[in-house]
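J.:
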Amino acid sequence: MPQTQLSTPGQPVTHTSLENFFPGYFALVMATGIVSIGLFLWKYPGLSKVLLYCNIFFYLILWIILIARTVRYPLIVWNDLHHAGRGVTFLTLVAGNNVLGSQLALINGSVNTAFAFWVLGLVLWLLLLYTFFLVNILKEPKPSLENSISGAWLLIVVSTESVAVLGAIIANNSPASGLVAFVSLCMYMIGGMFYFVLIGLILYRWLFLSMKAETITPPYWINMGAVAIISLAGSRLVMYARGHDALNHWANFVETFTMFFWSFASWWIPLLFLMFAYRHFVAKVPLKYDPQYWSMVFPLGMYGVCTFTYASITGFTFLKPISALFVVIALLTWIIVLIGLLRLPFIKEK
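Counting from 910, one number per residue, gives the positions in the sequence shown under the numbering used here.
1. I need the straight-line Cα distance from T1234 to G1213, nearest angstrom please.
2. Which value, in whole angstroms, describes the spacing of the CA atoms of I1231 and T1218?
3. Within its chain, find whatever has a CB closer than 6 Å to the CB of L1240; leave out the 5 residues flanking it on each side and keep chain order.
4. Helix or strand or just coil, what does DSSP make of S1119?
5. Of all the alpha helix (DSSP H) runs that stay within the bounds of the region 921-1004, which reach a length of 4 or more residues?
6. Between W1243 and T941, which are expected to be in contact by the criterion C-beta below 8 Å, what is the C-beta distance as a whole number of angstroms?
7. What residues in its chain sit with their C-beta under 7 Å from that of I1238, if we drop five residues either side in the sequence?
8. Could you compute how far the alpha carbon of I1125 sits from the alpha carbon of L1112?
9. Quick one: measure Cβ to Cβ for L1015 and F949, integer angstroms, because I've assumed they're closer than 8 Å.
10. Assign L1196 to one of three DSSP states: helix, strand, or coil.
11. Less than 7 Å between the C-beta atoms of A1338 and Y1149, yes or no?
12. On the three-state DSSP scale, how would you describe N1132?
13. Where does V1246 sit, in a helix, a strand or coil, going by DSSP?
14. With H, G and I counted as helix, E and B as strand and the rest as coil, what does DSSP make of K1229?
15. Under the assumption that N1007 contacts V1072 (Cβ atoms under 8 Å), give the Cβ distance between them as a whole number of angstroms.
16. Buried or exposed for S1053, please, with buried defined as at least 16 other CB atoms from any protein chain shown within 10 angstroms of its CB.
17. If you follow the alpha helix (DSSP H) that G1030 is part of, which residue opens it and which one closes it?
18. Answer with buried or exposed for I976, where buried requires no fewer than 16 other C-beta atoms within 10 angstroms of its C-beta.
19. Can you grab the Cα-Cα spacing for the pair A1137 / F1225, in whole Å?
20. Look at the alpha carbon of I1139 and the alpha carbon of F1190, and state the distance between them as a whole number of angstroms.
21. Under a Cβ-count criterion, where at least 16 other Cβ atoms within 10 Å of its own Cβ denotes burial, should M1096 be classed as buried or exposed?
22. Taking three-plus beta-carbon pairs below 8 Å as touching, is the region 980-988 in contact with the region 923-937?
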């Protein structure tokens, strides 16, 4: 049976046909959305709105492709969904949906539409996450850790926290405000727990199993992006709680944990840049377009956004220049990766 190109964590994605379409392509929506939000926070409303419109287009096109692929090749989609390396990338659909919902709420003021996105994101999270866990728990034989675990597994964290972020943004102006806030707080906690478990497996794979330059793929940037979005979710929940006297008792608790997560996100950055430099400038792995690079853009933008929001709730304004720097880096990286995507039709695949 034909399968999507990505049989191991280190293998690049090259095919873009409908049959072999990469299931994690909604990372494009995640990356575009977070860069747009970063620009909005730094008072570039025109540019952020352009990216919002681009993202609506990307979101709709990717949904059409996903539906067409599911109808035309249902067995291949099912095979992808229960594959240990590829199945987890379907969670970009959840995160992309919720990032776009956050854009609509913050940039466009469309809170009711954003609430619909939140409900859809929660439903998709339930369906995709439990399906992924169920089929991978029950299937035999199981793949080795070396051939299954990668940074993409942290999409479990990112998708979970994306529900928390969007919920915290819209809770004040949505139906059942208290319920939305409660679910968002629970998702914040669940995502944090998943991060502790999964990052331990990833570090074990890095430190005690063979790692070649080819296997240091862009999704490993989610090591940082996942903990950055936990920080953003915590900051947004603190913002919500401070507007409700009855919730102040857990606002301080969340704020303390948010500093812990933001600090760990910051720790990752030098190591990830050094590994990127080693992969491409020392080991000479070619720099060419791969949809997995959207999984690098998103963490860069997310760190910029989470730092801005964290600085806002704590009063640590000296951190805001760091936020500005990473929003610029994310924007430039987004442009470079987009150029690579647009060049694809003109490049003959070998």
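Glycine residues also receive a C-beta, built at the ideal position from the N, C-alpha and C atoms. Note that this is a predicted model, so its numbers are computed, not measured.
T.: For this structure:
1. According to the sequence shown, residue 1234 is Leu rather than Thr. One C-alpha to the other measures close to 7 Å.
2. Rounded to whole angstroms, I1231 to T1218 spans 12 Å at the Cα level.
3. V944
4. coil
5. With a minimum length of 4 residues, the continuous alpha helix (DSSP H) runs that stay inside the region 921-1004 are 936-950, 954-981, 983-990.
6. 7 Å
7. L1209
8. 12 Å
9. In this structure L1015 is in contact with F949, their Cβ atoms being roughly 6 Å apart against a cut-off of 8 Å.
10. coil
11. One cannot answer for residue 1338 here, as it falls past the ends of the chain, which runs 910 to 1259.
12. helix
13. helix
14. helix
15. 6 Å
16. exposed
17. 1020-1047
18. Counting the other Cβ atoms within 10 Å of the Cβ of I976 gives fewer than 16, which makes it exposed.
19. 17 Å
20. Whole-angstrom Cα-Cα distance: 32 Å.
21. buried
22. yes
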